[in-house]
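Visitor: Here it is: the structure, laid out below.
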Amino acid sequence: MNSVESQSEIAASIKEAVSLASTPNPSISKEEALMLVSPTQLEAVLHTSFEPSNHEVLTRGLGASPGAAVGKIVLSADEAMMATEDVILVRAETNPADVHGMQIAVGILTTRGGLASHAAVVARGWGKPAVCGAENIELADDHITINGERIDVGETLSIDGTSGEVIRGTIQTTHLEPIPEIDVLLQWADEVRQLDIRANADTAAEAKAARGKGAEGIGLCRTEHMFLDEQRLPIIRRMILASTTEQEAEALQELRESQHKDFIGLLKEMDGLPVTIRLLDPPLHEFLPEIEELLEAAVGQGLDQEQQDLLEAAHRWRERNPMIGTRGVRLAWLKPGLYEMQTLALLDAIADRTTNGGTPQVEIMIPLTVSDKELAGIRERVQATIDEHPSKTVIKIGTMIETPRAALVASQLAEHADFFSFGTNDLTQLTFGFSRDDVESRIMGLYLEQELLQHNPFQQIDAEAVTELVQLGIERGRNTKPDLSIGVCGEHGGDPISIGLLAATGIDYVSCSPPRIPIARLAAAQAAITQSIKN
Ligand code: PEP
Ligand code: MG
Numbered sequence: 012m013n014s015v016e017s018q019s020e021i022a023a024s025i026k027e028a029v030s031l032a033s034t035p036n037p038s039i040s041k042e043e044a045l046m047l048v049s050p051t052q053l054e055a056v057l058h059t060s061f062e063p064s065n066h067e068v069l070t071r072g073l074g075a076s077p078g079a080a081v082g083k084i085v086l087s088a089d090e091a092m093m094a095t096e097d098v099i100l101v102r103a104e105t106n107p108a109d110v111h112g113m114q115i116a117v118g119i120l121t122t123r124g125g126l127a128s129h130a131a132v133v134a135r136g137w138g139k140p141a142v143c144g145a146e147n148i149e150l151a152d153d154h155i156t157i158n159g160e161r162i163d164v165g166e167t168l169s170i171d172g173t174s175g176e177v178i179r180g181t182i183q184t185t186h187l188e189p190i191p192e193i194d195v196l197l198q199w200a201d202e203v204r205q206l207d208i209r210a211n212a213d214t215a216a217e218a219k220a221a222r223g224k225g226a227e228g229i230g231l232c233r234t235e236h237m238f239l240d241e242q243r244l245p246i247i248r249r250m251i252l253a254s255t256t257e258q259e260a261e262a263l264q265e266l267r268e269s270q271h272k273d274f275i276g277l278l279k280e281m282d283g284l285p286v287t288i289r290l291l292d293p294p295l296h297e298f299l300p301e302i303e304e305l306l307e308a309a310v311g312q313g314l315d316q317e318q319q320d321l322l323e324a325a326h327r328w329r330e331r332n333p334m335i336g337t338r339g340v341r342l343a344w345l346k347p348g349l350y351e352m353q354t355l356a357l358l359d360a361i362a363d364r365t366t367n368g369g370t371p372q373v374e375i376m377i378p379l380t381v382s383d384k385e386l387a388g389i390r391e392r393v394q395a396t397i398d399e400h401p402s403k404t405v406i407k408i409g410t411m412i413e414t415p416r417a418a419l420v421a422s423q424l425a426e427h428a429d430f431f432s433f434g435t436n437d438l439t440q441l442t443f444g445f446s447r448d449d450v451e452s453r454i455m456g457l458y459l460e461q462e463l464l465q466h467n468p469f470q471q472i473d474a475e476a477v478t479e480l481v482q483l484g485i486e487r488g489r490n491t492k493p494d495l496s497i498g499v500c501g502e503h504g505g506d507p508i509s510i511g512l513l514a515a516t517g518i519d520y521v522s523c524s525p526p527r528i529p530i531a532r533l534a535a536a537q538a539a540i541t542q543s544i545k546n
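Residue numbering for the sequence shown is 12 to 546, as defined by our numbering.
Set out below in structure tokens:
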């Protein structure tokens, strides 16, 4: 796309491409029309941007979730909750405890973190503009400083989650006009594409939005996101803090009930389509408050007993490298009740939907496995829970492939998996040894500028090593099970160039955040057309 091409110019070219291919004597084929519209152009007309103006860009971060947003700045999730006007939530980085404020904010701005960081992934899932890793911003208690300019809480900022621009004051945003020709184009895309397109969705609302955009199922439900609202956090904290098995069991029972309701909503929206439920993945300390915040409170007003317990637990669970620490399937070995609770909640929801005339199609996914014994043991437990449940449901149980080791031992993992889903965010992190939370804000810009790397591998899948590992994992997995269903649910599943590269590896589907579904449908069609031209 020409960088000065406006939304109305792009809209005009989409309309023209569709019209040329749909007259009684079309001058171009539908395939040609599909090749005339780039996914970048499609993205540009699906999200708001700034009206052209001579605005001064204060700083730039990573364009982490497309669209433009204007609001008064707040510096904590709780301040966002109290706001009566549109707010931009500015944080060093976000974590699960910020989700309630992120929901309220019209845009999210972080000073640390990359395209696969918490803020980026969550914002993209909701279609909310986000700029991440804007490291020139300094945070204070009641203001921020950008390149020496002070901006107080309550002042207005404009952010562009496509370009990463951060601007002081209000910049007029574009008004999105519906373009019916996009639906026509995407129907043509569906006729030619080989890949299925699923959504990464964690709530009924996201599932509904995804289905409306053409998703053919859910490829990744990050169940930890269901624990994050204000009512749920105290329950999971109670589970972590429990000092007796009875206390732990009580908290797990409460979680089961709330998760059961969430699953019903999700399955209802995706009735008849596959829904992949990933069992709990993140390190447990993500559910605890930040140690620094508790220490600050201790110095200020002091800590009550509950806060003291939380501080003690936060210390106990703190890890130097949490992304490669106690998370994923390792949690299930440490706290067996967790996956059992989640499986039971799911089975209850399936039973409920079936009784109410639904046809739920559920798959259970085990994250971050690295060995066949590790997977086999947990699979056996999950299967035992399923077998003991009165609903007598048949559920596929698969695993994520997120480490180089998992890709290399895929033939053994396939013995115990009904499907694979490549978690290319972690696979990229672990193949490069690049922290997905840190490397983009400090190192990546320099590496790209110096051409040490051609692309940010968290955005566009690395064709030399990560795609090779995906290819190898597929070959080895299908050596054991020729009909193994295989998808990709990392953020690359919504990136057009990555979709092209991944389509050639033989995967069955990609799964991406709901707002990216139209882009993925078009990119998958273009990959199929390009492939057929080559053959
Ligand atoms: C991944 O690692 O690619 C993935 C989808 O899991 P998450 O982003 O939740 O770690
Ligand atoms: Mg992962």
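C-beta atoms are modelled at their ideal positions from N, C-alpha and C, and glycine is treated no differently.
Keep in mind it's a predicted model, so treat the numbers as computed, not measured.
1. Taking the alpha-carbon positions, what's the glycine 434 to arginine 527 distance?
2. Where does leucine 345 land, buried or exposed, given buried means 16+ other C-beta within 10 angstroms?
3. Tell me which residues share the same chain as arginine 249 and place their Cβ nearer than 6 Å to its Cβ, disregarding the 5 neighbours each side in the sequence.
4. Provide the residue span of the alpha helix (DSSP H) that contains phenylalanine 274, from first to last.
5. Among Val133, Glu166, Ile182, which one has its Cα closest to the Cα of histidine 236?
6. Alpha carbon to alpha carbon, how far is valine 101 from methionine 92?
7. Shortest alpha-carbon distance to glycine 501 belongs to which of Thr478, Ala515, Thr122?
8. I need the straight-line Cα distance from lysine 41 to histidine 466, nearest angstrom please.
9. Using a threshold of 8 Å, state whether the C-beta atoms of isoleucine 162 and isoleucine 229 are closer than that.
10. Within the present structure, is the beta-carbon of aspartate 292 separated from the nearest heavy atom of the ligand PEP by less than 7 Å?
11. I need the straight-line Cα distance from lysine 219 to alanine 88, nearest angstrom please.
12. Which of the three DSSP states is assigned to phenylalanine 431 in this structure?
13. Around the Cβ of alanine 151, are there at least 16 other Cβ atoms within 10 angstroms (buried) or fewer (exposed)?
14. Which runs of the beta strand (DSSP E) at least 3 residues long sit entirely within the stretch 162 to 207? Give them in chain order.
15. Using three-state DSSP, classify cysteine 400 as helix, strand or coil.
16. Closest to threonine 541 by C-alpha separation, out of Thr380, Thr51, Glu43, would be which residue?
17. For valine 164 and leucine 86, which I take to be in contact (beta-carbon distance under 8 Å), what is that distance rounded to the nearest angstrom?
18. Taking all protein chains shown into account, do 16 or more other C-beta atoms lie within 10 angstroms of the C-beta of glutamate 241, making it buried, or fewer, making it exposed?
19. Between the stretch 426 to 433 and the stretch 483 to 495, do at least 3 Cβ pairs fall closer than 8 Å?
20. Do the CB positions of histidine 400 and leucine 464 come within less than 8 Å of each other?
21. Who are the Cβ neighbours of arginine 233 in its own chain at under 8 Å, not counting the five residues just before and after it?
22. Put proline 77 into one of helix, strand or coil per three-state DSSP.
23. How close, in whole Å, do the beta carbons of arginine 80 and proline 140 come, if the pair is a contact with beta carbons under 8 Å?
24. Which of the three DSSP states is assigned to arginine 527 in this structure?
Guide: In this structure, then:
1. Here the question's residue 434 lines up with position 423 in the sequence shown. Here the question's residue 527 lines up with position 516 in the sequence shown. Roughly 17 Å between the two C-alpha positions.
2. The count along the sequence shown starts at 1 and reaches residue 345 at position 334. Exposed: under 16 other Cβ atoms inside 10 Å.
3. The residue you call residue 249 lines up with position 238 of the sequence shown. Here the set comprises Ala262.
4. In the sequence shown, residue 274 corresponds to position 263, counting from 1. 256 to 280 is the span of the alpha helix (DSSP H), which, as asked, contains phenylalanine 274.
5. On the sequence shown, position 225 is the one that residue 236 refers to. Among Val133, Glu166, Ile182, the Cα nearest to that of histidine 236 belongs to Val133.
6. Numbered from its first residue, the sequence shown carries residue 101 at position 90. Numbered from its first residue, the sequence shown carries residue 92 at position 81. Taking the straight line joining both Cα atoms gives about 13 Å.
7. Stepping through the sequence shown from its first residue, residue 501 is reached at position 490. Looking at the Cα atoms, Thr478 is the closest of the given residues.
8. Stepping through the sequence shown from its first residue, residue 41 is reached at position 30. Stepping through the sequence shown from its first residue, residue 466 is reached at position 455. Each residue's alpha carbon lies about 31 Å from the other.
9. For this step, residue 162 is matched to residue 151 along the sequence shown. For this step, residue 229 is matched to residue 218 along the sequence shown. Against a cut-off of 8 Å, the Cβ pair of isoleucine 229 and isoleucine 162 comes out as no contact.
10. Counting from one through the sequence shown, the residue named residue 292 turns up at place 281. Yes, Cβ of aspartate 292 sits closer than 7 Å to a heavy atom of the ligand PEP.
11. As a position in the sequence shown, residue 219 is number 208, starting the count at 1. As a position in the sequence shown, residue 88 is number 77, starting the count at 1. Between lysine 219 and alanine 88, the C-alpha separation is close to 26 Å.
12. Position 420 of the sequence shown, counted from the start, is the residue given in the question as residue 431. Phenylalanine 431: strand per DSSP, three-state reduction.
13. Stepping through the sequence shown from its first residue, residue 151 is reached at position 140. The residue in question, alanine 151, is exposed, as its Cβ has fewer than 16 Cβ neighbours within 10 Å.
14. 167 to 171, 176 to 179
15. The sequence position of residue 400 within the sequence shown is 389, counting from 1. The amino acid occupying residue 400 in the given sequence is histidine; cysteine does not appear at that position. The answer is coil: DSSP assigns histidine 400 none of H, G, I, E or B.
16. Taking the first residue of the sequence shown as 1, we reach residue 541 at position 530. Of Thr380, Thr51, Glu43, the residue nearest in Cα terms is Glu43.
17. Reading the sequence shown from its first residue, position 153 is the one you call residue 164. Reading the sequence shown from its first residue, position 75 is the one you call residue 86. Rounded, the Cβ-Cβ distance is 6 Å, consistent with contact.
18. To locate residue 241, count along the sequence shown from 1; it is residue 230. Exposed.
19. yes
20. By one-based count along the sequence shown, residue 400 stands at place 389. By one-based count along the sequence shown, residue 464 stands at place 453. Cβ atoms of histidine 400 and leucine 464: not closer than 8 Å.
21. Position 222 of the sequence shown holds residue 233. Taken in chain order, the residues that qualify are Asn211, Asp213, Arg289, Asp292.
22. Along the sequence shown, read from residue 1 onward, the residue named residue 77 stands at position 66. DSSP places proline 77 in coil when its eight states are reduced to three.
23. Sequence index remark: in the sequence shown, residue 80 carries index 69 (1-based). Sequence index remark: in the sequence shown, residue 140 carries index 129 (1-based). For the record, residue 80 in the displayed sequence is alanine; it is not arginine. Alanine 80 to proline 140, Cβ: 4 Å. Contact.
24. Counted from its first residue, the sequence shown places residue 527 at position 516. Arginine 527: helix per DSSP, three-state reduction.
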